[in-house]
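Here is the structure we will look at.
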Amino acid sequence: MKLNPDGMKPIYVQIAEWLEAEILAGNIQSDEKMYSQYQLAEMFTINPATAGKGLNLLADEDILYKKRGLGMFVVSDAKERILEKRKSQVLKTMVMELVAEAERLDVSEGELLEMIKTIQKQKREESQ
Amino acid sequence: MNVIECSGLTKVYGSRKAVNDLSFTIAENKITGLIGRNGAGKTTLLKIIAGYYRKSAGKITVFSKNPFNNIQVAEKLIFVDDRMSFPPALALSEILSSAAAFYPHWNKRIADGLLNYFQLEPKEKHQYLSKGMASTFNMIIGLASRCPLTIYDEPTTGMDAAVRKDFYRALLKDYIEQPRTIILSSHLLNEIEDLLEDVLLLRGGSKELQLPIAELKHYAVGLSGREEAFAEFINDVDILHQKQMGNVKYIVVRNNFSESLQKRIGMSGVEMTPVATDDVCVYLTAGNKGGIDDVFHRSE
């Protein structure tokens, strides 16, 4: 992964999101040890304090837990927690933006729903 | 513990104050970026910290001592720039052995490894190195000396893109192995920002701001839209930069909007965009809000 320095998101948030993606992809399993802040710093050529902030963000959200002297570990229901969080936060924000843009473009509710359905249909056909 | 503490620090050249009433501290084992435009006082400040220049007024301590002409401070710090001068008769390998004798934490494995990696000929004389090669060699000394306080003043001058990348990576890996206080000055913030923990921004010899790099990312926000659309939102905010693009105006402001206000702005059709930290620094240190455009502005 490449970090995106121009985004609105600070690097530590991007690190947290990358770690979430690693958990979702199954590269790090439940109760396995998470990368240390120094490993992350090396992997991405970033300041270890920034990497530590990314880890702490996930610890605050109970996706990682600390074992004294051993580092951070993945909680057993980490995947579910991440998915739930993304649904309630990320997806919701995206839908809000979508609705606002539709209003600006004078797209009616019906039209918008129709567009979503069309795209879902296209995706289904492509994957077949 | 603070490695550097200064208050009211001032350095006068003739009638000009190169460093003006500067107060800040730098904590141990952090990497701080010193950012500022040409002539902002970066090099003067660093040379005062390194003990090369005498201050005109104010207080400064480095490792709790006055750094000027102080050998006890000098052995704990190294100042690296592209004008480091070495005796012209010495070969690179001889310069490295002298440095090894002076700096108590010298790491020979890293010095030799880097010399070899960057294909510098040990028998070469420093004065015959190209600009980029000299910068590379100076960087090797800076890394291998492992001084508790390592100061790099525009360290990548003349280095090509590949060497710059290697340098930043070497700096970070070595820092992880042996944490120490590092100050990196540069006008290219975007190149070094991932390495930094804190930023100290100078403007006209004074401190514009000092904060963790993560906060700088949120420091400002760009708004674009028709002027009347965001007029109501910007009554009491600082405008850092503005630009007219056709009927649309782009302004950069301090980001102290509440979440609810941000939502209202979003709904009003004004577009909110992030501002790169690099640009934030440029706007904060600019002489006027319109930038270069103001010079070419014709009043109709």
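From first to last, the protein sequence lines are chains A and B.
Under the numbering used here, the first sequence has 30 at position 23, and the numbering climbs by one with no breaks.
Under the numbering used here, the second sequence has 181 at position 168, and the numbering climbs by one with no breaks.
We treat Cβ as the ideally placed atom computed from N, Cα and C, and that holds for glycine.
Computed from a predicted structure; not experimentally measured.
### Range of the contiguous beta strand (DSSP E) that encloses A233(B)
Per DSSP, A233(B) is one residue of the beta strand (DSSP E) stretching across 233-239.
### Task
Give the range of the alpha helix (DSSP H) segment to which T52(A) is assigned.
Neither: T52(A) is in no alpha helix (DSSP H) and is coded neither H nor E.
### Query
Between which two residues does the beta strand (DSSP E) carrying V32(B) extend?
29-40
### Residue of K43(B), D251(B), V261(B), A53(B) minimising C-alpha distance to I226(B)
With respect to the C-alpha of I226(B), the residue from K43(B), D251(B), V261(B), A53(B) having the closest C-alpha is K43(B).
### Query
With distances taken between CB atoms, is the gap from A64(B) to N51(B) smaller than 8 Å?
First, the residue type needs correcting, since residue 64(B) is Gly and not Ala in the sequence shown. The answer is no: Cβ separation not under 8 Å.
### Query
Any idea if F309(B) is buried or exposed, counting beta-carbon neighbours within 10 angstroms, 16 or more meaning buried?
exposed
### Message
Less than 8 Å between the beta carbons of P55(A) and I189(B), yes or no?
### Response
yes
### Message
Using 8 Å as the cut-off, can you tell me whether the segment 238-252 of chain B makes contact with the segment 206-216 of chain B, which would need three or more C-beta pairs spanning the two stretches below that distance?
### Response
Under the three-pair Cβ rule at 8 Å, the segment 238-252 of chain B does not count as touching the segment 206-216 of chain B.
### Residue range of the alpha helix (DSSP H) that includes L105(B)
105-115
### Query
For E49(A) and chain B, any beta-carbon pair shorter than 8 Å?
By this cut-off, E49(A) is an interface position.
### Query
Can you round the beta-carbon distance between L156(B) and A183(B) to whole angstroms, since I take them to be within the 8 Å contact cut?
6 Å
### Cβ-based burial, M258(B) [other Cβ within 10 Å; buried from 16]
Result: exposed.
### Message
Taking its Cβ as the centre, do 16 or more other Cβ atoms sit within 10 Å of L297(B), making it buried, or is it exposed?
### Response
buried
#### Entry: Interface residues of the segment 207-228 of chain B facing chain A [CB-CB below 7 Å]
Sequence-ordered contacts of the segment 207-228 of chain B with chain A read D207, L208, L209, E210, A227 [C-beta pairs closer than 7 Å].
### Query
Using 8 Å as the limit for Cβ to Cβ distance, is G320(B) near chain A?
Absent from the structure is residue 320(B), since the part of chain B shown begins at 14 and ends at 313.
### Task
Indicate the three-state DSSP secondary structure (helix, strand or coil) for K256(B) in the structure shown.
strand
### DSSP-derived helix/strand/coil call for Q223(B)
strand
### Message
So the candidates are S219(B), E228(B), M172(B); which of them puts its Cα closest to the Cα of P287(B)?
### Response
Looking at the Cα atoms, E228(B) is the closest of the given residues.
### Message
Pull the bridge partners of F320(B) from the DSSP assignment, please.
### Response
Limits of chain B in this structure are 14 at one end and 313 at the other, which puts residue 320(B) out of reach.
### Query
In or out: T38(B) buried (at least 16 other Cβ within 10 Å) or exposed?
exposed
### Query
For the beta strand (DSSP E) that N15(B) lies in, which residues bound it at each end?
15-26
### Message
Strictly by DSSP, which residues pair up with S199(B)?
### Response
For S199(B), which the question treats as bridged, DSSP gives the partners I48(B).
### Task
Note down, in chain order, each residue of its chain lying with its Cβ closer than 8 Å to the Cβ of L22(B), except the 5 sequence neighbours on either side.
V32, D34, L35, S36, L58, I61, K68, A70, G71, K72, I73
### Query
If we call anything under 8 Å between Cβ atoms a contact, is E41(B) one with T194(B)?
yes
### Host alpha helix (DSSP H) of K144(B) (start-end)
144-157
### Query
Is Y165(B) helix, strand or coil by DSSP?
strand
### T74(B) - containing beta strand (DSSP E), residue span
70-75
### Task
Quick one: using the 10 Å Cβ neighbour count with 16 as the cut-off for buried, is E167(B) buried or exposed?
Note on E167(B): 16 or more other CB atoms within 10 angstroms of its CB, so buried under the neighbour-count rule.
### Query
Can you list the alpha helix (DSSP H) stretches of 4 or more residues lying completely in the segment 19-91 of chain A, in chain order?
44-51, 55-67
### Cβ pair count under 8 Å reaching 3, the segment 86-106 of chain A against the segment 46-60 of chain A
no
### C-beta contact flag for L162(B) and F150(B) at 8 Å
no
### Task
Run the CB neighbour count on H254(B), radius 10 Å, all protein chains shown included, and call it buried at 16 or more, exposed below.
buried
### Task
Report yes or no: is there a C-beta of chain A within less than 8 Å of the C-beta of Y165(B)?
no
### Members of the segment 48-73 of chain A that neighbour chain B once the beta carbon cut-off is set at 9 Å
A48, E49, F51, T52, I53, N54, P55, A56, T57, K60
### Query
M101(A) lies in the alpha helix (DSSP H); which residues open and close that run?
99-111
### Query
With DSSP run on the structure shown, which of helix, strand or coil describes I305(B)?
coil
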